[in-house]
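The sequence shown begins at 1089 in this note's numbering and counts up one residue at a time.
Reviewing the structure listed below.
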Amino acid sequence: MTEKHDTSFQYARDDFRYPNWLTKILDLIVNKTATYMESTGIKRKQLESFLWGAAGLYAILILFGNYFLSGILIMLWVYLDQVHLQLFIEKKSPNRHLQHVLMEAPFILALAVHFFMSGYFFTGLATILGFFGMYLLSAMQMKYDLATIQIPKLYFLRWDRLGMLAIMVILGAIDRPRSYLWPVLGGWFLFALTFYDYFWVMIQFMKNGKK
């Protein structure tokens, strides 16, 4: 019997959860794909090369304002990245969080450059700060044992954060006068959610220290 992969989803915020039915569907899809890819003998470098290639293609598309294909590539990348986590990542490795941030960098930074090129300076800046917040979260994970303050482990919210960004980018492709505001909102949401997570965890540390 094929070994079942760990398909748990963990969140930084205590006020956000996917519906159970949706989580079960995501669990099932990722686990089935991971099992199939493992049976084909796919190598880690092969899958990582595809992930980096998809990220590079996304960067080119978003710079030219192709929102629809860019959003589709984000969704595909997030999906295959979950498979990559199941098959090849040692979850106790101390540097795995930072590695994941670096793999997500092309998506965030290319979008920020697109905003700068489009004249949305502050939105581009907020997007970059959102990425910096993700780095701070990864550094916190590597330095502290978050289980000691009894909060869920940080997971970078790949499904909701990058997934949210993908939806916002796709909505920007709608042929409407103000549809460009959707990706702009995505950049600001990334900034807001990232620092919400960061300061929320810091507050938990402060509360824990007072006990």
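For glycine and all other residues, C-beta sits at the position ideal for the given N, C-alpha and C.
| task | Have a look at Y1284 and D1115 and give me their C-alpha separation to the nearest angstrom. | result | 26 Å
| Environment of P1271 [buried if 16+ CB atoms lie within 10 Å] | buried
| message | To the nearest angstrom, how far is the alpha carbon of R1249 from that of L1281? | response | 8 Å
| request: Assign I1196 to one of two classes, buried (16 or more other C-beta atoms within 10 Å of its C-beta) or exposed (fewer than that). | output: buried
| task | Excluding the 5 residues preceding and the 5 following L1215 in the sequence, name in chain order all residues of the same chain whose CB lies nearer than 7 Å to its CB. | result | Note on identity: in this sequence residue 1215 is Thr, with Leu being the wrong assignment. Hits under 7 Å: I1196, L1199, A1200, F1203, G1275, L1278, F1279.
| field | CA-to-CA distance, W1165 to L1053, given in whole angstroms | value | This structure does not reach residue 1053, given that the chain is present from 1089 up to 1299, and the question cannot be answered.
| Given A1261, which residues of its chain have a CB within under 6 Å of its CB, disregarding the five upstream and five downstream residues? | Y1155, F1156
| Buried versus exposed, by CB contacts within 10 Å (16 or more), I1258 | buried
| Exposure label - G1218; buried when at least 16 CB within 10 Å | buried
| Tell me which same chain residues have a C-beta within less than 6 Å of the C-beta of G1159, skipping the five on either side of it? | A1254, V1257, I1258
| request: Report, in whole angstroms, the separation of the C-beta atoms of H1172 and L1145, which I expect to be a contact under 8 Å. | output: Actually they are not in contact, since the Cβ atoms of H1172 and L1145 sit about 17 Å apart, beyond 8 Å.
| query | Are the beta-carbon atoms of E1126 and L1186 separated by less than 8 Å? | reply | no
| message | Once DSSP output is grouped into helix, strand and coil, what is the label at K1295? | response | helix
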